[in-house]
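Protein chains in written order, with the numbering used here: chain V, 1 to 112; chain R, 1001 to 1114.
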């Protein structure tokens, strides 16, 4: 069953802790993306990667970090430097950057 | 850089009425255009896409959209909505060049009531 898997679905962390969100795809897509969704703000691009071992900052990269060591995986770390980390995070992938994106089910992160 | 404006944040309609969700984009180069739908606490699902060719694009669930290059618009339409169409809808654009990502609008909440 091909698709994108994000885990966990819900995540709670204390303020000041780093947290890593998982994203795995078995679609053999080259490009992967992380978006943040807040009410009324739409989806804002955090980071994207066109190929393994390469990634670019999006519009709101501050306080986040990523790695792309394998084609299938694109984990996102929310660091303590992110001022307002509570949000819904969506991972996506596409055959190539800019083409139709397929989305995971999202991770809702709550920082208390 | 490209940008997307969805002109209505909320659109309330009655069941079986027609609906149009408006989307305008800004870009200096040729673009791909997309409409996605999101149900609560879920990811996004592609409704339809414009890559090239016919400017009238048909998608899933009876939706269609028309690409208008002169007006830089890509409005989404459905002739008769159902309660189950209640969801949030996102318009997205990407530029026809390597190394770009999809950029999304802020979304339009479609509320269908009986």
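From the three backbone atoms N, C-alpha and C, an ideal C-beta is built for every residue, glycine too. Small disclaimer: the values here were computed from a predicted structure and weren't measured.
Contact between the segment 1084 to 1095 of chain R and the segment 1037 to 1044 of chain R is established, with three or more Cβ pairs separated by less than 8 Å.
For residue 1032 of chain R, the C-beta contacts it makes with chain V under 9 Å involve 98, 99 and 100, in order along the chain. Spanning the alpha carbons of residue 51 of chain V and residue 1076 of chain R requires a straight line of approximately 33 Å. Using a 10 angstroms sphere on the CB of residue 83 of chain V, the tally of other CB atoms stays under 16, which defines it as exposed.
Taken through DSSP and simplified to helix, strand or coil, residue 1085 of chain R comes out as helix.
For the segment 47 to 64 of chain V, residues whose beta-carbon sits nearer than 8 Å to a beta-carbon of chain R comprise 48, 50, 56 and 58. For a cut-off of 8 Å, the C-beta gap from residue 1023 of chain R to residue 1073 of chain R is around 7 Å, short enough to register as a contact. Judged by DSSP in its simplified three-state form, residue 46 of chain V adopts strand.
Ranked by Cα distance from residue 55 of chain V, the options V/38, V/34 and V/19 are led by V/34. Scanning its chain for C-beta atoms nearer than 7 Å, with the 5 sequence neighbours on each side dropped, one finds around residue 67 of chain V the residues 75, in chain order.
One Cα belongs to residue 87 of chain V, the other to residue 108 of chain V, and the distance between them is close to 6 Å.
Inter-residue distance for residue 1011 of chain R and residue 1111 of chain R is about 6 Å (C-alpha atoms, whole angstroms).
One Cα belongs to residue 98 of chain V, the other to residue 57 of chain V, and the distance between them is close to 15 Å.
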